[in-house]
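The structure appears below as structure tokens.
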Amino acid sequence: MKLSELLGFRFKETPSDCQIASHILMTRGGYIKNVGSGIFSLYPPGKRIAQKIERIIREEMDAIGGQEVLLPVTMPAGLWKESGRWDAVGSELMRMKDRWGSDMVLGMTHEEAVVHLCRGAAQSYQNYPFMVYQIQTKFRDEPRARGGLIRVREFTMKDAYSFHTSQEDLEAYYARCHKAYENIFRRCGIPEVVSVKSDGGMMGGKVAHEFMLVTEVGEDYLAVCDCGFSANMEVAESIIENKAGEDAPLEKVSTPDMTTIEDLCGFFGIAPEQTCKAVLYQKNADDALVVVFLRGDLEVNEVKLRNLLGEEIHPAVLEGGELPCGYLGPVGLKTPKGAIVINDSSLKGARNLVTGANEEGYHFIGFSPERDGTGSKYNDLAKILEGGICPQCGEHSVKLVRGIEVGNIFQLGTKYTKSMEMTYLDQNGKARYPIMGCYGIGVGRLMASVCEVRHDDYGPVWPMAIAPWQVHICAIRAENEEVGAAANALYNVLQNAGIEVLFDDRKVSAGFMFSDADLLGVPVRVIISPKTLARGAFELRTRDKAIQKDIALDDAVDEITALVKERMGEFES
RNA sequence: CGGGACGUGGCGAAGCUUGGUAUCGCGCUUGCUUUGGGAGCAAGAUGCCGCAGGUUCAAAUCCUGUCGUCCCGACCA
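Numbered per the working numbering, the first sequence spans residues 1 to 573.
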């Protein structure tokens, strides 16, 4: 490819709408163009990187027996009514009507379509297990796109679905897929991706892992520990050790206008962990309340609460006067009709706390949950704390870090095969529901993630395996006959050797050329100019600055080819 | 859905408070010079100032509405 013919342009200024490095550099470098909120077009360099990532994904999916298929983007709503998700999923699902007035959806994930595809085609136990995958467009009407390609509404995703006749078989395959995912991220040049336990969310199913790239621009919080523990903060167990403090008597005291934990701490001169607070939730505005009691220094982990209750919940919005808000406590709480009261495990073993007296202007001091009647039932509902106790090693060593979710894997179970009546006959001729797993990777997000981790001030530093081109020839003063001839010759020979070459044949200044080259991030750069030719050489530079040297004209092709080959293997194992 | 910011040539911005000929830099075109980290000079092209109403002799500027984008939060398979 000659750079003079490449569609797109590169520029100096930081676009006003961009905040994070990958978004800035990929916009400035002519990889992507924003079309609407969370919707992007790719210019050729972006498309080439995406294709290389997809190639790696295909190789790894094929290596674990995957069969590539293609499912539709647009589906009749009936499929989604079958699975129940037409009602269960909210407005992230893009719905529309066709010309006949029939409800249609844009696929945000393809469990329905894949079950539809497979249910007639795998009716015998002998067809199992199998895995199918596709690389295709998803549309999710996210409430808020952000960070360039990190969180978008339309994106290319590899989604895979496996079908099994036993939980053991699913688990064994899940492990193979986990390994394949490690291979994919490593080969794409980000071996630092870690897998963490995660919440199954609306996918259903119990076991799930997310593959996370730890970086400050990530949207998820991870709880990690030097002992090797790592989990999405959403599922990380919060372990609280309460000190065996004194067992003071329960006593009601006047606390006018003390409605926050901060107020109480100031008033009594105590720390937040010596208080017990109430947090209120409900499903919808008029539904029954869910009251969660927990230690005052902690926050409710709403994902845990949702999983416990098995339904959506939102912070409660109370009409005035229903409850003495600011003065709620477990002792003598008069719960409204149908309310659910739940105690967080942080109250277990706690003593001598300050908590609301359920009466405007009064709190109890000397509250000991177990003695004073919260009951003995506790649930893990709090967010894990920075510096909290690690569930794996037991030390106060938990760190919270941010990460980008570049992939995920779920053990789905029979949720979709049951709801959509996909069955096979087992050895005994009995109809059974296959057990499913599903496995996703966002291609564009992966591309942006690599850029986040592999860039410098001047542009991306693409790993060879996914770089848009392998070698970038800069012909400085290409109109010089000697330079032009040498550059053209090298370009042709390298291309014939199977190398992907970008040839900057433009008549622009050296600085301009180098800046563009930096933004295009091609790992190997060859500079040809009257200067280099005068000393009988080309100049060889790597984008990561590891190599900068002259190479003799005669050895150039061999040396460049060898370097490309070496770099291709950089992240192979 | 709450809170905030912003829509002015392809890109980045100024102008708006206090209405009066559309401004600067980058990029683009042509020519000459230059030639190893975004070169210099000269001449050019490119705007329904997001859109729609309103106020006014006159609106990029004031008012109302609307559409869109970004950021924080809520949400997120």
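We treat Cβ as the ideally placed atom computed from N, Cα and C, and that holds for glycine.
- Message: Just to check my reading of the structure: MET61 and ALA113 have Cβ atoms closer than 8 Å, yes? What is that Cβ distance to the nearest angstrom?
- Response: About 18 Å; that fails the 8 Å criterion.
- Pull up the distance between the alpha-carbon of VAL196 and that of GLY296, whole angstroms please. 28 Å
- Contact set for ARG176: own chain, Cβ-Cβ below 6 Å, skip 5 residues either direction: ILE64
- Query: So VAL524 and HIS472 are in contact, right, with Cβ under 8 Å, and what is the actual spacing, rounded?
  - Reply: 7 Å
- Task: Name the two residues that bound the continuous beta strand (DSSP E) containing PRO76.
- Result: 74-76
- Is the stretch 145-156 touching the stretch 35-44 in the sense that three or more CB pairs, one from each, lie closer than 8 Å? yes
- Query: Closest by CA to LEU333, which one among LYS206, TYR125 and VAL292?
  - Reply: VAL292
- Item | Nearest neighbour of ALA552, chosen from GLY536, ARG541, LYS565 and ALA546 [CA to CA] | GLY536
- Task: Decide if GLY440 is buried, meaning its Cβ has at least 16 other Cβ atoms within 10 Å, or exposed.
- Result: buried
- Taking the CB atoms as reference points, tell me whether GLU111 and TYR161 lie closer together than 8 Å. yes
- Task: Hey, could you find the ends of the beta strand (DSSP E) CYS474 is sitting in?
- Result: 471-475
- Just reading off the alpha helix (DSSP H) that THR156 is part of, what are its end residues? Where THR156 is concerned, there is no enclosing alpha helix (DSSP H), although the beta strand (DSSP E) it sits in stretches over 154-164.
- Message: Closest to ALA316 by C-alpha separation, out of LEU222, GLU421, LEU280 and LYS337, would be which residue?
- Response: LEU280
- Could you pull out every residue in the same chain whose Cβ sits closer than 7 Å to the Cβ of GLY366, ignoring the five residues on either side in sequence? ALA248, PRO249, LEU250, GLU251 and ASN352
- Query: Taking the beta strand (DSSP E) that HIS363 falls in, what are its first and last residues?
  - Reply: 362-367
- beta strand (DSSP E) segments (min. 3 residues) lying fully within the stretch 472-529: 501-504 and 524-528
- Query: Are LEU170 and GLY437 closer than 8 Å when you measure CB to CB?
  - Reply: yes
- Task: With a threshold of 16 other CB atoms inside 10 Å of the CB of PRO460, please say whether the residue is buried or exposed.
- Result: buried
- Would you grab the beta carbon distance between SER324 and ASN343 for me? Rounded to a whole angstrom, and I think it's under 8 Å. Per the sequence shown, residue 324 should be read as Pro rather than Ser. Incorrect: roughly 19 Å between the Cβ atoms, too far for contact.
- Query: Between the stretch 419-428 and the stretch 124-141, do three or more beta carbon pairs fall short of 8 Å?
  - Reply: yes
- Message: Checking 8 Å against the spacing of the C-beta atoms, do TYR327 and VAL253 come in under that value?
- Response: no
- Message: Taking the straight line between their C-alpha atoms, what separation do you get for ILE49 and ILE466?
- Response: 5 Å
- Among residues of its own chain, excluding the 5 on either side of LEU93, which ones have a beta-carbon nearer than 6 Å to its beta-carbon? VAL105 and MET108
- Message: Please report the distance separating the alpha-carbon of ASP544 from that of MET513.
- Response: 17 Å
- Cutoff 6 Å; reference PRO15; Cβ partners in own chain excluding five residues on either side: THR27
- Grab the span of the alpha helix (DSSP H) containing CYS177 for me, first residue to last. 167-187
- Message: Going by the DSSP bridge assignment, what does MET212 pair with across the sheet?
- Response: VAL194 and GLU405
- Message: How far does the alpha helix (DSSP H) with GLN123 in it extend, from its first residue to its last?
- Response: Taken as a continuous stretch (DSSP letters only), GLN123 belongs to no alpha helix (DSSP H), as it is neither H nor E.
- Message: Only counting the same chain, and skipping five residues up and downstream in sequence, which positions put a Cβ closer than 8 Å to that of LEU117?
- Response: VAL69, LEU71 and VAL132
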